[in-house]
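For what it's worth, the working numbering labels the leading residue of the sequence shown as 4, then goes sequentially. Okay, structure first, notes after.
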Amino acid sequence: MSLTTILFGRRLASDEEDKEQIGPLSGIPVLGLDALASASYGPEAALTVLLPLGALGLRYIVPISALVITLLVIVYISYRQTIEAYPNGGGAYVVAKENLGTSAGLAAAAALLLDYVLNVAVAISAGVGAFISAVPALLPHTLSLCLGVLVLLTAANLRGLRTAGLVFLAPTYAFLGCMFAVLAIGVGKTLLHGGHPAPVVAPPSLPGSLGVASLGLLCHAFASGCTAMTGVEAVSNGVPAFRKPSSVNARRTLTYIVASLGILLAGIAILAKAYGVTATEPGQAGYQSILSQVVGAVVGRGPFYYVTLTAVVAVLLLSANTSFADFPRLCQLLAIDRFLPEPFIHRGRRLAFSYGIGVLAGLAAILLVVFHGITDALIPLFAVGAFLAFTMSQSGMIAHWYRVRGKGFRFHLAVNTTGAAATAATLVVIIVSKFTEGAWISALLVIGAFLIFRGVRRHYAQIDEAVRAHEPLDLTPPPPPIVVIPIRRWDLVAQNGLRFALQLSPEVYALQVLLDDPRVEDLSGEWRDLVEEPARKRGVPAPRLVVVRSRYRRLFRPLLRFVTTVAHAHPDRQVAVVVPEVVESRWYHYLLHNHTASILKWLLLFRGGKGVVIVNTPFYLYDSPKPA
């Protein structure tokens with residue numbers, strides 16, 4: 004068994020795809036962790052904005068959370084309709100493209116891809132932040148821990164969707180069970196003590212009211228709290244991942260996810276106010292996450308506290324899996340439409356879109372490094388993409404119902420109109436309130452991604468136009484090419500290349516570039532005996548030797564100059580450059596060589612011109628090529 008098989012599992016056949024599909028039980032860990040985990044950093048983001056108000060800030064967390072939950076319900080109803088209308092998935096991109104036009108679809112796709120990349124970075128940094136709350140000594144190693152977790156998540160997702168779902172199953176339901184237990188106990192204590200229960204472990208003391216809550220500050224807090232809604236669209240994007248009937252299983256999964264998220268948001272807000280729990284400065288000494296304070300206040304810091312916090316950390320870290328499931332699928336749709344490179348279309352050894360997974364991991368790593376793994380620094384960039392995608396999806400569904408009509412279309416139209424208006428208004432609030440904190444960066448990234456999509460499509464269109472053939476195959480024999488073969492010294496490698504070159508054309512030039520290497524001698528004196536006489540005896544034209552002395556020890560420039568000069572002198576003929584190359588018997592032997600042949604082939608490919616053909620003549624150091 005190879006190391007690759009041990010790490011990523013056996014290679015799956017294409018007809019095994021049905022075995023990789025999931026049901027609602029696995030759908031929650033695979034596509035719902037992003038939404039569920041956002042319950043930890045959404046309320047915390049809102050409370051962080053309210054920090055300047057001191058104790059007064061707790062007065063607003065419940066109404067702000069109520070607004071977020073109301074918006075969540077509206078979006079939930081809208082996405083249930085989207086899943087039913089578009090059972091093949093694609094989410095906001097497909098809905099907007101088919102109903103509002105290609106540009107609208109690309110804007111939605113750019114917003115979604117940005118949201119997925121940010122989700123990976125935010126999820127991992129939030130999970131590491133929660134872990135550091137329990138082990139403060141690890142605070143200096145925040146970034147290293149984030150990058151380590153990213154590597155593990157990438158490897159897990161390369162093993163396939165179903166495997167990831169099974170791996171994440173236990174942490175997901177442990178998280179839900181522990182948090183529901185904490186919320187039930189906390190709400191029970193709150194009711195028994197008239198709304199003011201005594202905390203088992205008191206949270207950090209709050210300063211008195213430090214100011215007056217302005218409308219701008221409250222809008223800012225609401226915008227930050229809306230990050231708790233990210234991930235709700237994931238199920239609509241991944242409908243094909245579900246077992247048949249796909250749309251029924253997808254809607255059922257979405258219901259479970261949204262109901263759980265609503266309970267978590269409401270419970271955390273109520274307990275935060277009741278126990279006097281507010282945010283602490285992220286990235287500073289003494290930092291404690293909101294969930295850590297709530298759990299400690301409700302049940303103390305005994306074994307159950309650590310079990311719960313372990314489940315919270317696990318889910319926060321694993322919630323990035325939602326992006327690993329949806330980002331590659333969306334990239335595949337864009338690549339099929341020729342808005343992204345073709346490698347995004349193809350699936351890897353475990354039927355996962357390996358190329359998309361790798362690109363997602365790389366982009367998330369850049370974000371983590373730039374922002375040093377601190378969640379709060381990433382939050383201002385987060386919600387813009389999500390709510391732009393929400394708005395485009397709901398607007399597309401409005402156009403869809405106008406076009407399709409059908410039974411009950413007025414109700415569906417009213418639902419999506421309400422959803423579009425609510426998400427659009429929220430998007431405006433988010434952009435305005437967080438513009439100077441980084442929302443402008445998200446806007447620029449969406450515009451940049453949109454332009455990249457258009458540029459890729461334009462490039463493919465230019466290629467199609469350039470290679471399009473209208474005439475039948477022309478079988479008129481072309482004139483023989485002029486062959487140029489670079490040789491270093493007289494050896495079996497050079498002989499192998501020369502023999503092949505003489506089969507291509509009677510006109511062969513052997514080019515030797517002399518540097519300052521004392522091991523390489525000028526072949527001019529020996530060329531007659533080594534080449535010309537054997538060629539005369541066989542009755543074939545002898546290759547002509549051209550020796551160039553490089554005064555500045557440059558190898559590639561003289562080679563390229565000679566090849567391009569020959570090509571320009573004979574525009575009606577092709578120039579075939581035969582490149583002799585040694586094939587080593589072991590991969591590590593290549594560490595001992597300078598790869599001149601490979602570099603020359605790349606230079607000829609990009610700078611040789613359209614009349615230049617590259618032919619490789621490998622010389623194997625073992626008897627025969629090893630089987631693939």
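Heads up, the beta-carbon is just placed ideally off N, CA and C, and yes, glycines get one too.
{"Asked": "Which residues mark the beginning and the end of the beta strand (DSSP E) in which PRO489 is found?", "Found": "485 to 489"}
{"Asked": "Can you check the segment 247 to 271 for any beta strand (DSSP E) of at least 3 residues that lies completely inside it and give the ranges in chain order?", "Found": "none"}
{"Asked": "What residue range does the alpha helix (DSSP H) around TYR358 cover?", "Found": "357 to 373"}
{"Asked": "If you count every other CB in all the chains shown that lies within 10 Å of the CB of ALA237, and 16 or more means buried, which is it?", "Found": "buried"}
{"Asked": "Is it true that the segment 511 to 524 meets the segment 479 to 490, where meeting means three or more beta-carbon pairs spaced less than 8 Å apart?", "Found": "yes"}
{"Asked": "Below 7 Å, is the gap between the Cβ of ALA177 and the nearest heavy atom of the ligand NAD?", "Found": "In the structure shown, the ligand NAD is absent, as is every other ligand, since no ligand is present at all."}
{"Asked": "Since GLU101 is in the alpha helix (DSSP H), which residue starts that stretch and which ends it?", "Found": "94 to 103"}
{"Asked": "How far does the beta strand (DSSP E) with ILE617 in it extend, from its first residue to its last?", "Found": "615 to 623"}
{"Asked": "Alpha helix (DSSP H) containing GLU535: first to last residue?", "Found": "Careful: GLU535 lies outside any alpha helix (DSSP H) and carries neither H nor E."}
{"Asked": "Give the DSSP bridge partners of PHE2, in chain order.", "Found": "The structure shown does not extend to residue 2, since the chain is modelled only from 4 through 631, so no value can be given for it."}
{"Asked": "Measure how close the beta-carbons of LEU117 and GLY399 come, nearest whole angstrom, since I'm counting them as under 8 Å.", "Found": "LEU117 to GLY399, Cβ: 18 Å. No contact."}
{"Asked": "Do VAL318 and LEU36 count as a contact pair if the criterion is CB distance below 8 Å?", "Found": "yes"}
{"Asked": "From GLY614 to VAL582, what distance separates their C-alpha atoms?", "Found": "16 Å"}
{"Asked": "By Cβ distance, which residues of its chain are closer than 7 Å to VAL65, with the 5 residues on each side in sequence left out?", "Found": "ALA272, ILE273 and LYS276"}
{"Asked": "Is it buried or exposed for THR311, if we count other Cβ within 10 angstroms and need 16 for buried?", "Found": "buried"}
{"Asked": "At a cut of 8 Å, does the segment 75 to 88 reach the segment 251 to 260 through at least three beta carbon pairs?", "Found": "yes"}
{"Asked": "In the DSSP assignment, find the unbroken alpha helix (DSSP H) run with VAL635 in it and report its ends.", "Found": "This structure gives no information on residue 635, because the portion of the chain shown stretches from 4 to 631."}
{"Asked": "Would you list the one or two residues that DSSP bridges to ARG564?", "Found": "Partner(s): none; ARG564 has no beta bridge."}
{"Asked": "Restricting to runs no shorter than 4 residues, where is the alpha helix (DSSP H) found entirely within the segment 217 to 241?", "Found": "218 to 228 and 237 to 240"}
{"Asked": "With DSSP run on the structure shown, which of helix, strand or coil describes VAL280?", "Found": "coil"}
{"Asked": "Are the segment 40 to 48 and the segment 230 to 247 in contact at 8 Å, needing three or more beta carbon pairs?", "Found": "yes"}
{"Asked": "Our contact map puts ILE127 next to LEU267 with C-beta atoms below 8 Å; I'd like the distance itself, whole angstroms only.", "Found": "Between LEU267 and ILE127 the Cβ distance is about 20 Å, and since that is not below 8 Å, they are no contact."}
{"Asked": "With ALA300 and VAL280 assumed to form a contact (beta carbons below 8 Å), what rounded beta-carbon distance in angstroms separates them?", "Found": "6 Å"}
{"Asked": "Hey, quick one: how far does the alpha helix (DSSP H) through LEU50 stretch, first residue to last?", "Found": "36 to 52"}
{"Asked": "Please state the DSSP three-state secondary structure of VAL516.", "Found": "strand"}
{"Asked": "State yes or no: is the C-beta of LEU501 within less than 8 Å of the C-beta of PRO546?", "Found": "yes"}
{"Asked": "Pull up the DSSP beta-bridge partners for ARG547, would you.", "Found": "TYR512"}
{"Asked": "List the whole-angstrom C-beta distance separating ALA425 from LEU74, where the pair is believed to meet the contact cut-off of C-beta under 8 Å.", "Found": "6 Å"}
{"Asked": "Measuring alpha carbon to alpha carbon, tell me which residue in PHE307, GLY305 and VAL315 is nearest ILE293.", "Found": "VAL315"}
{"Asked": "Using 8 Å as the threshold, is the C-beta distance between LEU3 and LEU507 below it?", "Found": "Only positions 4 to 631 of the chain appear in this structure, which leaves residue 3 out of reach."}
{"Asked": "From the DSSP secondary-structure annotation, give me the bridge partner or partners of GLU87.", "Found": "Looking at the DSSP assignment, GLU87 forms no beta bridge with any residue, so it has no partner."}
{"Asked": "Taking contact to mean 3 or more Cβ pairs, one atom from each stretch, closer than 8 Å, check whether the segment 573 to 589 and the segment 534 to 554 are in contact.", "Found": "no"}
{"Asked": "Mapping DSSP to helix, strand and coil, what is VAL435?", "Found": "helix"}
{"Asked": "Per DSSP, ARG552 is paired with what?", "Found": "LEU517"}
{"Asked": "To the nearest angstrom, how far is the alpha carbon of GLY26 from that of ASN91?", "Found": "16 Å"}
{"Asked": "With respect to the alpha helix (DSSP H) encompassing GLU468, which residues constitute its N-terminal and C-terminal limits?", "Found": "443 to 470"}
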